[in-house]
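Note sheet for the following structure.
Numbering (the working numbering), first residue to last: 621 to 926.
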């Protein structure tokens, strides 16, 4: 038996799960500067359409081989469409437009304000209770957005529109998350995700054909490697690892992974696309990590006397 670590609520996390979580955090964190690198040679919508299509086909083949029921039936198609619009098409389209305008680290920081928007939408739309931790998270996110907006407005090459794209992306993701929580699903989650990716990629090919010039497809070797990363790692292996662990991870462990992704994205950007974070970026990433912790980490249970 492999060594294990204790998670929240007394649940045990194996060493294999810990390594998988580390790999997942690195994969999704590094993906932000990798996207920025890819946009040097390919327009954003064609980039998303290509990597999402290849990733979806790879996932479809993998889960079909594993024996997962992959074909939706009847009303299950409605779930694919209604959940796919905000969760995949909305988030991935708006986010790549934000990455185009912003430094990749900043885009990652702003994208991961999503958990806080989920809480706010839950309070406003579903009348969920507003707690002190939620208020703290909102203030931390407000400071994050203010820091990065001020810096973009004062920078010579500042592009505050990118902040708008990223916050709209975070809102779409948050709305989709709330819809997913309340959906009564009969289709396996793996199949649902694959079909949301497939239908979103079809839409992206159409959007790209209308809005962007046809690419030359003559890319440098590092660019092909970056595209392969987006398709096979971000949409492929990372999704497989996540589906393999998500049902078994304690909430605190999942939250810690989510908290680390914008930090990994910001730091790895210095090596991949030569983006040096300034003090507003570092303070902003700390604010977002604190906000995510306030929203997602379960509260400590008071100690009980024997």
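Note that the Cβ used here is the ideal one computed from N, Cα and C, for glycine as well.
From a predicted model like this one, the values you see are computed outputs, not experimental measurements.
Which same chain residues end up closer than 8 angstroms to residue i when comparing Cβ atoms and leaving out the 5 residues on each side of it in sequence?
i           : result
residue 814 : 676, 679, 680, 683 and 690
residue 699 : 692, 803, 805, 807 and 812
residue 912 : 732, 735, 736, 757, 875, 878 and 879
residue 852 : 674, 675 and 678
residue 640 : 861, 864 and 865
residue 644 : 858, 861, 862, 865 and 877
By Cβ distance below 7 angstroms, which residues in the same chain neighbour residue i in space, the five residues on each side in sequence not counted?
i           : result
residue 714 : 785, 788, 789 and 792
residue 666 : 828, 832 and 835
residue 927 : Look at the range of the chain in this structure, 621 to 926, and you will see that residue 927 is not part of it.
residue 763 : 907
Among the options, which one has its Cα closest to the Cα of residue i?
i           : options               : result
residue 928 : 661, 805, 840 and 914 : Not covered by the structure: residue 928. The range shown for the chain is 621 to 926.
residue 884 : 712, 707, 648 and 908 : 648
residue 655 : 639, 712, 708 and 636 : 712
residue 817 : 650, 710, 886 and 636 : 710
residue 901 : 771, 699, 794 and 718 : 771
residue 917 : 720, 847, 887 and 753 : 753
residue 824 : 688, 642, 639 and 716 : 716
residue 904 : 687, 819 and 767      : 767
residue 743 : 798, 774 and 762      : 798
residue 718 : 899, 687 and 659      : 659
residue 897 : 907, 906, 891 and 886 : 886
residue 686 : 810, 830 and 642      : 810
residue 794 : 741, 908 and 830      : 741
Under a three-way DSSP split, which group does residue i fall into?
i           : result
residue 893 : coil
residue 733 : coil
residue 838 : coil
residue 656 : helix
residue 804 : coil
residue 809 : helix
residue 629 : Any reading at residue 629 needs caution, since the residue's pLDDT is 41, under 50, leaving its predicted position unreliable; the model's value is listed next. In this structure, residue 629 counts as helix in the three-state DSSP scheme.
residue 903 : helix
residue 898 : coil
residue 779 : coil
residue 880 : helix
residue 687 : coil
residue 664 : helix
residue 925 : In this prediction, residue 925 scores a pLDDT of 45, lower than 50, which makes its location untrustworthy; no coordinate-derived value is stated.
residue 751 : coil
residue 646 : helix
residue 788 : helix
residue 695 : coil
residue 706 : helix
residue 722 : coil
residue 772 : helix
residue 917 : coil
Whose C-beta lies closer than 6 angstroms to the C-beta of residue i among residues of the same chain, with five residues either side of it excluded?
i           : result
residue 663 : 832
residue 910 : 760
residue 622 : Only weak support is given to the placement of residue 622: the predicted model assigns it a pLDDT of 36, under 50, and the value that follows is read from those uncertain coordinates. Only 634 and 635 meet the Cβ criterion.
residue 925 : With a pLDDT of 45 at residue 925, under the threshold of 50, the predicted position of this residue should be treated as unreliable, though the coordinate-derived value follows. Closer than 6 angstroms at the Cβ level, and outside the excluded window around residue 925, lies no residue.
residue 722 : 782
residue 889 : 653, 724, 725 and 895
For the 8 angstroms Cβ check, are there 3 or more pairs between the region 782 to 791 and the region 719 to 736?
yes
Validate contact between the region 668 to 675 and the region 846 to 863 using beta carbons, cut 8 angstroms, 3 pairs:
yes
So, does the region 737 to 753 touch the region 694 to 704, judging by three or more C-beta pairs under 8 angstroms?
no
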